[in-house]
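Shown next, in structure tokens, is the structure this report addresses.
2 protein chains.
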Amino acid sequence: MTAAQPLTREQILEAAKEALRRYGPAKTTVVDVAQSLGVSHGTVYRHFPTKAALRAAVVRQGLAAVSRDLGAIAEEDGPAVDRLRRWLAALVSRKQGYAREDPELFATYHLIAADDSGAVAEHLSALAEQITHILRDGVAAGEIRPSALAAGGRAVLDATARFHNPSHAAEWISPEIDEAFDAVWDLLVLGLARPDGQEAGRGGDGGAAVPTGTRY
Amino acid sequence: MTAAQPLTREQILEAAKEALRRYGPAKTTVVDVAQSLGVSHGTVYRHFPTKAALRAAVVRQGLAAVSRDLGAIAEEDGPAVDRLRRWLAALVSRKQGYAREDPELFATYHLIAADDSGAVAEHLSALAEQITHILRDGVAAGEIRPSALAAGGRAVLDATARFHNPSHAAEWISPEIDEAFDAVWDLLVLGLARPDGQEAGRGGDGGAAVPTGTRY
């Protein structure tokens, strides 16, 4: 890397993220970002026409990273119910982890995203599509009920919103949040998993198809 | 009712609610409330020791009213799955209705409730218990799976949070919100309803036990 190498979009986004973490969404300016990179604000403006565009790009990049990582799980092999459980646990763990480890930046992202409903809607659609993909695999393998697929991936995403939607972040410090997630999962899996006995789930009447003791 | 009749707690709460609607939670004072009732603020303080206590009491009264009305549905006769659907539809309709018809007061309540986590926790416990009651009836009648009862009423409440939890109020203006609720309900009912065929639900593979066209 030489000094003459042009500034990349990724470098600007990284610097903007750092500035947002430090100064918050209201006080972060394009000049701050440019200064931290040792360039003029004009250079930043060449990539992002407005401060709002820069802020939105930071959040969109963050959402895309979550979606990309989860997409890899959605494509894994193996039983669909187990895969869906891993996928949901990863989503919950990512969102709750960000909120816990970097609460200011998390709140900032949430605030910016509230002004960029298109980004959020796209993100949620992408996630719902990944769930639908898993359900479709499961139906093909005879593990998932076709009627659960008919309800759709978005229904699974919505039914677990309390555990991954940033609007609920204040509730995530509750010591009961993991248990509450397990209970919702147990309920969902009863409907998702194709019964191979009189009852849905492989564990007979008492349980879900996946051990509920699994923590993430 | 004579002029000498003492001021009731209910009259003060009604006046406080009106003041909160008009001035918002930050600007509403005990003096405002007392003035609107034509009494001294000392009279109000005899019932509510602080402004915070008065605000909290208004919200608790509102939550109690919702819980009371839903409790009546939980006690109704008839099939448990249908009753649960009516119960959830009533909850969703009350919360979304308040948010739509009186958005300022709704936001005010939400803000006050955020500072009174005990009131919210109690409210949610009461609601979860009502669902559990319906599930228990359904298990006794052979309509609901025992494993759904094991997941508990709180799981049903949590799985539908997007449609009644005030944290999601901004999403309720979406034209797709009713359809999204129906999809979650379809998924839940697959797990709740005891199968009397190979698939859960009375409508075969395609559907839930309750017509999803029902709007609330």
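Chains as they are written, first to last, in our numbering: chain Y, 1285 to 1500; chain C, 1285 to 1500. For glycine and all other residues, C-beta sits at the position ideal for the given N, C-alpha and C.
1. For residue 1390 (chain C), would you say it is in contact with chain Y, using Cβ-to-Cβ distances shorter than 9 Å as the test?
2. Using only the alpha-carbon positions, how far apart do residue 1437 (chain C) and residue 1431 (chain C) sit?
3. Taking only beta-carbon positions, decide if residue 1303 (chain Y) is within less than 9 Å of chain C.
4. Taking Cβ-Cβ distances shorter than 9 Å, what residues in chain C pair up with residue 1417 (chain Y)?
5. In chain Y, which residues lie with their C-beta within 9 Å of the C-beta of residue 1426 (chain C)?
6. Which same chain residues end up closer than 6 Å to residue 1345 (chain Y) when comparing Cβ atoms and leaving out the 5 residues on each side of it in sequence?
7. Could you pull out every unbroken alpha helix (DSSP H) segment of at least 4 residues lying fully inside the stretch 1378–1452 of chain Y, listed in chain order?
8. Please state whether the Cβ-Cβ distance between residue 1472 (chain Y) and residue 1472 (chain C) is less than 9 Å.
9. Determine the contact status of residue 1457 (chain Y) and residue 1352 (chain Y), defining contact as a CB-CB distance below 9 Å.
10. I'd like to know whether the C-beta atoms of residue 1340 (chain C) and residue 1470 (chain Y) end up nearer to each other than 9 Å.
11. What in chain C is Cβ-close to residue 1368 (chain Y), meaning under 8 Å?
12. Pick out whichever of Y:1290, Y:1321, Y:1365, Y:1356 has its Cα sitting closest to the Cα of residue 1433 (chain Y).
13. Quick one: residues in its chain with C-beta nearer than 6 Å to the C-beta of residue 1440 (chain C), no 5 flanking neighbours on either side, listed in chain order?
14. Beta-carbon within less than 7 Å of residue 1307 (chain C)'s beta-carbon, same chain only, minus the 5 sequence neighbours each way: which residues are those?
15. Going along the chain, which residues of its own chain have a beta-carbon closer than 8 Å to the beta-carbon of residue 1386 (chain Y), five neighbours each way excluded?
16. Is residue 1452 (chain C) close to chain Y, meaning its C-beta is less than 9 Å from at least one C-beta of that chain?
17. Relative to chain Y, which residues along the stretch 1463–1474 of chain C have a C-beta separation below 8 Å, given in chain order?
18. What does the alpha-carbon distance come out to for the pair residue 1371 (chain Y) and residue 1395 (chain C)?
19. Looking at chain Y, is there any beta carbon in it that lies within less than 9 Å of the beta carbon of residue 1435 (chain C)?
20. With distance defined between alpha-carbon atoms, name the residue in Y:1429, Y:1443, Y:1465, Y:1301 nearest to residue 1479 (chain Y).
21. Relative to the C-alpha of residue 1399 (chain Y), which residue among Y:1310, Y:1367, Y:1375 is closest?
22. Compute the Euclidean distance between the alpha carbons of residue 1482 (chain C) and residue 1474 (chain C), then round it to the nearest angstrom.
23. By alpha-carbon positions, which one of Y:1423, Y:1342, Y:1335, Y:1379 ends up nearest to residue 1314 (chain Y)?
24. List, in order along the chain, the chain C residues whose C-beta lies closer than 7 Å to that of residue 1377 (chain Y)?
25. Interface residues of chain C around residue 1440 (chain Y) at Cβ under 8 Å?
26. Excluding five sequence neighbours on each side, which residues of the same chain lie with their C-beta closer than 6 Å to the C-beta of residue 1389 (chain Y)?
27. State the Cα-Cα distance for the pair residue 1285 (chain Y) and residue 1343 (chain Y), rounded to the nearest angstrom.
28. Could you work out which residues of chain C lie near residue 1420 (chain Y), taking near to mean beta carbons separated by less than 7 Å?
29. On a Cα-Cα basis, can you pick out the residue from C:1363, C:1397, C:1358 that is closest to residue 1337 (chain C)?
30. Does residue 1372 (chain C) get closer than 9 Å to chain Y when you measure Cβ to Cβ?
31. In this structure, what does DSSP give as the bridge partners for residue 1303 (chain C)?
32. From this set, C:1424, C:1319, C:1350, which residue's C-alpha is nearest residue 1406 (chain C)'s C-alpha?
33. Taking residue 1445 (chain Y) as the query, report the chain C residues whose CB atoms sit under 8 Å from its CB, ordered along the chain.
34. Does any CB atom of chain C fall closer than 9 Å to the CB of residue 1410 (chain Y)?
35. Using the C-alpha atoms, what's the distance from residue 1374 (chain Y) back to residue 1448 (chain C)?
Taking the definition as stated:
1. The count along the second sequence starts at 1 and reaches residue 1390 (chain C) at position 106. Taking Cβ atoms only, chain Y never reaches closer than 9 Å to residue 1390 (chain C), which makes this a no.
2. The sequence position of residue 1437 (chain C) within the second sequence is 153, counting from 1. The sequence position of residue 1431 (chain C) within the second sequence is 147, counting from 1. Cα-Cα distance, rounded: 12 Å.
3. Taking the first residue of the first sequence as position 1, residue 1303 (chain Y) is located at position 19. No, because no Cβ of chain C sits closer than 9 Å to the Cβ of residue 1303 (chain Y).
4. Position 133 of the first sequence, counting from 1, holds the residue named residue 1417 (chain Y). By Cβ distance, chain C contributes nothing, its closest Cβ being about 17 Å from residue 1417 (chain Y), past 9 Å.
5. Locating residue 1426 (chain C) in the second sequence gives position 142, where the first residue counts as 1. Under the 9 Å cutoff, chain Y gives no residues; its nearest Cβ is about 12 Å from residue 1426 (chain C).
6. Your numbering for residue 1345 (chain Y) matches position 61 in the first sequence. Closer than 6 Å at the Cβ level, and outside the excluded window around residue 1345 (chain Y), lie 1297.
7. Complete alpha helix (DSSP H) runs here, min 4: 1387–1398, 1401–1424, 1430–1435, 1437–1443, 1445–1448.
8. The residue labelled residue 1472 (chain Y) in the question sits at position 188 within the first sequence. The residue labelled residue 1472 (chain C) in the question sits at position 188 within the second sequence. In this structure, residue 1472 (chain C) lies closer than 9 Å to residue 1472 (chain Y) by Cβ.
9. Here residue 1457 (chain Y) refers to the residue found at position 173 of the first sequence. Here residue 1352 (chain Y) refers to the residue found at position 68 of the first sequence. Cβ distance not < 9 Å, so residue 1457 (chain Y) and residue 1352 (chain Y) don't count as in contact.
10. As a working mapping, residue 1340 (chain C) is identified with position 56 in the second sequence. As a working mapping, residue 1470 (chain Y) is identified with position 186 in the first sequence. No; because the gap between Cβ atoms is not below 9 Å, this pair is not in contact.
11. On the first sequence, residue 1368 (chain Y) is found 84 positions in, with the first residue counted as 1. Going along chain C, no residue has its Cβ under 8 Å from residue 1368 (chain Y), so there is no contact; the nearest lies around 12 Å.
12. Start at 1 with the first residue of the first sequence, and residue 1433 (chain Y) comes out as number 149. Ranked by how close their Cα comes to the Cα of residue 1433 (chain Y), the residues Y:1290, Y:1321, Y:1365, Y:1356 have Y:1365 in first place.
13. Translated into the one-based positions of the second sequence, residue 1440 (chain C) becomes position 156. Answer for residue 1440 (chain C): 1415, listed in chain order.
14. For the purposes of this step, residue 1307 (chain C) is taken as residue 23 along the second sequence, with counting starting at 1. Once the five neighbours on either side are set aside, the close Cβ partners of residue 1307 (chain C) are 1316.
15. Translated into positions along the first sequence, residue 1386 (chain Y) becomes position 102. Cβ neighbours of residue 1386 (chain Y) beyond the five flanking positions: 1305.
16. As a first step, residue 1452 (chain C) is located in the second sequence; it is residue number 168 there, counting from the start. Taking CB atoms only, residue 1452 (chain C) has a neighbour in chain Y less than 9 Å away.
17. Taken in chain order, the members of the stretch 1463–1474 of chain C whose beta-carbon sits within less than 8 Å of a beta-carbon on chain Y are 1464, 1467, 1468, 1470, 1471, 1472, 1473, 1474.
18. Working through the first sequence from its first residue, we reach residue 1371 (chain Y) at position 87. Working through the second sequence from its first residue, we reach residue 1395 (chain C) at position 111. The alpha-carbon atoms of residue 1371 (chain Y) and residue 1395 (chain C) are separated by roughly 33 Å.
19. The residue given as residue 1435 (chain C) occupies position 151 in the second sequence. Closer than 9 Å: yes.
20. One-based indexing of the first sequence puts residue 1479 (chain Y) at position 195. Looking at the Cα atoms, Y:1429 is the closest of the given residues.
21. Reading the first sequence from its first residue, position 115 is the one you call residue 1399 (chain Y). Per the Cα distances, Y:1310.
22. Taking the second sequence and counting its residues from 1, the one referred to as residue 1482 (chain C) is at position 198. Taking the second sequence and counting its residues from 1, the one referred to as residue 1474 (chain C) is at position 190. Annotation note: pLDDT 34 at residue 1482 (chain C) (below 50); position unreliable, coordinate value reported separately. Cα-Cα distance, rounded: 12 Å.
23. Walking along the first sequence from the start, residue 1314 (chain Y) turns up at place 30. Checking every option, the nearest Cα to that of residue 1314 (chain Y) belongs to Y:1335.
24. Residue mapping note: residue 1377 (chain Y) aligns to position 93 of the first sequence, counting from 1. Chain C residues near residue 1377 (chain Y): none, gap ~18 Å exceeds 7 Å.
25. Translated into positions along the first sequence, residue 1440 (chain Y) becomes position 156. Contact note: residue 1440 (chain Y) reaches chain C through 1471, using a C-beta cutoff of 8 Å and chain order.
26. Counted from its first residue, the first sequence places residue 1389 (chain Y) at position 105. Excluding positions up to five away in sequence, the list reads 1305.
27. For the purposes of this step, residue 1285 (chain Y) is taken as the residue at position 1 of the first sequence. For the purposes of this step, residue 1343 (chain Y) is taken as the residue at position 59 of the first sequence. In this prediction, residue 1285 (chain Y) scores a pLDDT of 45, lower than 50, which makes its location untrustworthy; the coordinate-derived value is nonetheless stated afterwards. Going by C-alpha positions, residue 1285 (chain Y) is about 27 Å away from residue 1343 (chain Y).
28. Along the first sequence, read from residue 1 onward, the residue named residue 1420 (chain Y) stands at position 136. Ordered by position in chain C, no residue passes the 7 Å Cβ test against residue 1420 (chain Y), which lies about 15 Å from the chain.
29. Along the second sequence, one-based indexing puts residue 1337 (chain C) at 53. Here the closest residue by C-alpha is C:1397.
30. As a working mapping, residue 1372 (chain C) is identified with position 88 in the second sequence. Residue 1372 (chain C) does not count as touching chain Y.
31. The residue you call residue 1303 (chain C) lines up with position 19 of the second sequence. Beta-bridge pairing links residue 1303 (chain C) to no other residue.
32. Along the second sequence, one-based indexing puts residue 1406 (chain C) at 122. Check the Cα spacing between residue 1406 (chain C) and each of C:1424, C:1319, C:1350: the tightest is with C:1350.
33. By 1-based counting over the first sequence, the position of residue 1445 (chain Y) is 161. Correct list: 1445, 1446, 1452.
34. For the purposes of this step, residue 1410 (chain Y) is taken as the residue at position 126 of the first sequence. Answer no: the Cβ-Cβ gap between residue 1410 (chain Y) and chain C never drops below 9 Å.
35. Here residue 1448 (chain C) refers to the residue found at position 164 of the second sequence. Here residue 1374 (chain Y) refers to the residue found at position 90 of the first sequence. Computed Cα separation, rounded: 25 Å.
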